[in-house]
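Letter by letter, the sequence shown follows residues 8 to 153 of the working numbering.
Glycine residues also receive a C-beta, built at the ideal position from the N, C-alpha and C atoms.
Since the model is a prediction, treat every value here as computed from it, not as a measurement.
Have a look at the structure below before the remarks.
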Amino acid sequence: MRVVLQRVLEAGVAVDGVEIGRIGRGFLVFLGVSADDTPLIADAMIDKIAKLRIFPDADGKSNLSISDIGGEVLVISQFTLYADTKKGNRPSFTQAASPALAQELYEYFAKQCRGRFAKTATGTFGADMKVALINDGPYTINLELN
Numbered sequence: 008m009r010v011v012l013q014r015v016l017e018a019g020v021a022v023d024g025v026e027i028g029r030i031g032r033g034f035l036v037f038l039g040v041s042a043d044d045t046p047l048i049a050d051a052m053i054d055k056i057a058k059l060r061i062f063p064d065a066d067g068k069s070n071l072s073i074s075d076i077g078g079e080v081l082v083i084s085q086f087t088l089y090a091d092t093k094k095g096n097r098p099s100f101t102q103a104a105s106p107a108l109a110q111e112l113y114e115y116f117a118k119q120c121r122g123r124f125a126k127t128a129t130g131t132f133g134a135d136m137k138v139a140l141i142n143d144g145p146y147t148i149n150l151e152l153n
């Protein structure tokens, strides 16, 4: 499982010109699922995200977690995180999960986030989405489990 996580002041996602999800301060999570991923791996990734201390404390040091600040999460499925560009100029996505498995784990991931964070919004699996954000920092981290 791969995540590109961005600390944001706000973020939103639209499909066909209609906004379907919006959050305030928190994390924009781009989620990539591989063929080897499981719900246990998703749970471990969510736990890592929840405990990641990258929000500033009263002294301005990155010392607080999203849970500490009551932050929100926007989860977007992104199979392109498993792009392999080693050969040629056209990416291969053979490491990405099948659409059925990816959707199952994406929906599981989002459901688990809803039970853990102040607010969780999502995109639409497999849709052409337009994502807008105000990156805070900017602060972007790549996370990988599996």
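Query	Result
With C-beta atoms as the reference, is V82 less than 7 Å away from L38?	yes
Just reading off the beta strand (DSSP E) that Y146 is part of, what are its end residues?	136–151
I'd like the list of long-range same chain contacts for G144, defined as Cβ closer than 7 Å, with 5 residues on each side in sequence excluded.	R14
Report the residue from E114, R32, V10 whose alpha carbon sits nearest the alpha carbon of I56.	V10
Taking all protein chains shown into account, do 16 or more other C-beta atoms lie within 10 angstroms of the C-beta of D44, making it buried, or fewer, making it exposed?	buried
Short check: CB of L16 to CB of R32, under 7 Å?	yes
DSSP three-state label for D4, please.	The question about residue 4 has no answer here: the residues shown for the chain are numbered 8 through 153.
Going along the chain, which unbroken runs of the alpha helix (DSSP H) with 4 or more residues stay wholly within the region 55–125?	73–76, 106–121
With the cut-off set at 7 Å, would you say F62 and I53 are in Cβ contact?	no
Using the beta-carbon count (16 or more within 10 Å), is V25 buried or exposed?	exposed
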